[in-house]
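The sequence shown begins at 317 in our numbering and counts up by one. Virtual Cβ for every residue (Gly too), placed ideally from N, Cα, C.
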Amino acid sequence: MDALKKFSLEGKVALVTGASYGIGYSIASAMARAGAKIVFNDINQQLVDQGLEAYRQDGIPANGYVCDVTDEQAVNNLIAQIEQEVGAVDILVNNAGIIKRIPMIEMSAAEFRQVIDIDLNGPFIVSKAVLPSMIKKGAGKIINICSMMSELGRETVSAYAAAKGGLKMLTKNIASEYGQYNIQCNGIGPGYIATPQTAPLREPQADGSRHPFDQFIIAKTPAARWGNPEDLAGPAVFLASEASNFVNGHVLYVDGGILAYIGKQP
317 MDALKKFSLE GKVALVTGAS YGIGYSIASA MARAGAKIVF NDINQQLVDQ
367 GLEAYRQDGI PANGYVCDVT DEQAVNNLIA QIEQEVGAVD ILVNNAGIIK
417 RIPMIEMSAA EFRQVIDIDL NGPFIVSKAV LPSMIKKGAG KIINICSMMS
467 ELGRETVSAY AAAKGGLKML TKNIASEYGQ YNIQCNGIGP GYIATPQTAP
517 LREPQADGSR HPFDQFIIAK TPAARWGNPE DLAGPAVFLA SEASNFVNGH
567 VLYVDGGILA YIGKQP
């Protein structure tokens, strides 16, 4: 097979959770340009409608559904509906997630559980729902959106780091358990990405200087910049395509080199 054809997603059905905007939207858009049929979900109808309009404006056919990824029955119903209306899911991207930046001693157990439920239990539930059809077909791709916090700790993100560390190991275990069926499960670990959510951290100060957090990220990143959502497009398409058929249980960190770098000498 021609090497470039191995990157084609033509005819594949790709489900990207929480893909109304942001990183999920960028990944879904890239997969659409590679030929995939896009389906996505979000937590409420307003976000789904927002996503559908964004895809429409970009000329991307997409099917959107309201579904809470932590509700196992709702997820099972969603997968059955997708199979009936679009086709069996060939590619799953577990993108839906939240973060709560709260010092650990101030965080309630309920808040901790909420982050774990969405960021770790959600990928387990959705993966479990799509695996039977992937096993039946003898092929499938699952991509978990991990994080640098799958490897590192940082102040105020105890629940998020715990969830993403768990997601890294869930990725490895799905690969271990279902690789025999030609199912590949890998992760993408984004670095600091320039999105609307991080925009306040990049706004210049009154004196024209960089925001302190912006300075911190630039100093810690060998690429000397924030990532863009588009930086995740190539890795996502690669991990969703036949080009990665012998890549399994791997987390691809798209971080501009942060995890490889000890930092500048003071």
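Work out the CA separation of residue j and residue i for me, nearest whole Å.
i: T511; j: N544; result: 7 Å
i: D365; j: F554; result: 29 Å
i: N379; j: E326; result: 17 Å
i: G495; j: V446; result: 14 Å
i: L368; j: M347; result: 16 Å
i: V431; j: N393; result: 23 Å
i: A462; j: V567; result: Going by the sequence as given, residue 462 is Cys instead of Ala. Their Cα atoms are separated by approximately 8 Å.
i: W542; j: P516; result: 13 Å
i: P377; j: G351; result: 11 Å
i: E582; j: I458; result: The sequence shown places Pro at residue 582, rather than the Glu named in the question. Rounded to whole angstroms, P582 to I458 spans 42 Å at the Cα level.
i: D571; j: R518; result: 17 Å
i: P528; j: A412; result: 28 Å
i: S322; j: D387; result: It should be pointed out that residue 322 corresponds to Lys in this sequence rather than to Ser. Going from the Cα of K322 to the Cα of D387 covers about 35 Å.
i: K453; j: R349; result: 24 Å
i: S492; j: P448; result: 16 Å
i: A477; j: G573; result: 19 Å
i: Q389; j: P520; result: 46 Å
Does the separation of the CB atoms of residue i and residue j fall below 8 Å?
i: I490; j: S443; result: yes
i: T333; j: V382; result: no
i: I407; j: A559; result: no
i: Y497; j: I451; result: yes
i: F428; j: A396; result: no
i: I434; j: V473; result: no
i: V329; j: V355; result: yes
i: P506; j: I339; result: yes
i: L331; j: I441; result: no
i: C501; j: N564; result: yes
Can you find the residues in the same chain that come closer than 6 Å, C-beta to C-beta, to residue i, ignoring five residues on each side of it along the sequence?
i: N460; result: N410, P439, L483, T487 and G503
i: G456; result: M450 and I499
i: Y577; result: P538
i: S336; result: D358, L363, Q366 and G367
i: L436; result: A479, G482 and L483
i: Y341; result: A335
i: Y371; result: A378
With 16 as the cutoff for other CB atoms within 10 Å, does residue i come out buried or exposed?
i: L320; result: exposed
i: S525; result: exposed
i: A522; result: exposed
i: A540; result: exposed
i: K353; result: buried
i: A425; result: exposed
Which same chain residues, not among the five before or five after residue i, have their C-beta less than 8 Å away from its C-beta?
i: D374; result: S345
i: R579; result: Correcting the residue type first, residue 579 is Gly in the shown sequence and not Arg. Excluding sequence neighbours, G579 sits near A535 and K536.
i: T514; result: Y508 and W542
Cutting at 7 Å between CB atoms, please list the residues of its own chain near residue i, excluding the five before and the five after it.
i: L575; result: M464, E467 and Y569
i: N360; result: V382
Under 7 Å from any heavy atom of the ligand SAM, does the C-beta of residue i make it?
i: V473; result: This structure lacks the ligand SAM, and indeed carries no ligand of any kind.
(message) Taking 8 Å as the cut-off, does the stretch 527-536 touch the stretch 457-474 (at least 3 CB pairs, one atom from each stretch)?
(response) no
(request) Please determine if the stretch 543-559 and the stretch 474-487 are in contact, where contact requires at least 3 C-beta pairs separated by less than 8 Å. (result) no
(message) Taking 8 Å as the cut-off, does the stretch 400-408 touch the stretch 418-429 (at least 3 CB pairs, one atom from each stretch)?
(response) no
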